[in-house]
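Participant: Got a structure for you, questions after.
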Amino acid sequence: MERQRRSFTEEYKRQAVELVVSSRRSVTSVAKGLGLHDSVLRRWVDKFRQEPASAAWRPTTQAAPMSADQAST
Numbered sequence: 818m819e820r821q822r823r824s825f826t827e828e829y830k831r832q833a834v835e836l837v838v839s840s841r842r843s844v845t846s847v848a849k850g851l852g853l854h855d856s857v858l859r860r861w862v863d864k865f866r867q868e869p870a871s872a873a874w875r876p877t878t879q880a881a882p883m884s885a886d887q888a889s890t
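Residue numbers (my numbering): 818 to 890.
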């Protein structure tokens, strides 16, 4: 049985990155809480940090992003 590849919206990725940055928790801790592999979240954090200032993400809320199961539906 093959595992189906999950996909996440850019908004979900931004919220997950914001959670890492604003909570000062480790990537591993946040990833575990969201049901993600830490390397996936680390890649998102790196990507958003490398974006030019004009296209950089802006914090939207202090709320935690949806769980991985909710985002994949």
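From the three backbone atoms N, C-alpha and C, an ideal C-beta is built for every residue, glycine too.
(1) Determine the extent of the alpha helix (DSSP H) in which T845 is found, giving its start and end residues.
(2) Can you tell me whether K830 is buried or exposed? The criterion is at least 16 other CB atoms within 10 Å of its CB, across all chains shown.
(3) Check for me: the alpha helix (DSSP H) holding Q867 runs from which residue to which?
(4) Around the C-beta of Q832, are 16 or more other C-beta atoms found within 10 angstroms, so that it is buried, or is it exposed?
Facilitator: Well, looking at it:
(1) The residue labelled residue 845 in the question sits at position 28 within the sequence shown. V844 to L851 is the span of the alpha helix (DSSP H), which, as asked, contains T845.
(2) Counting from one through the sequence shown, the residue named residue 830 turns up at place 13. Classification for K830: buried.
(3) Within the sequence shown, residue 867 is the residue found at index 50, counting from 1. Here the alpha helix (DSSP H) through Q867 covers D855 to Q867.
(4) As a working mapping, residue 832 is identified with position 15 in the sequence shown. Buried is the call here.
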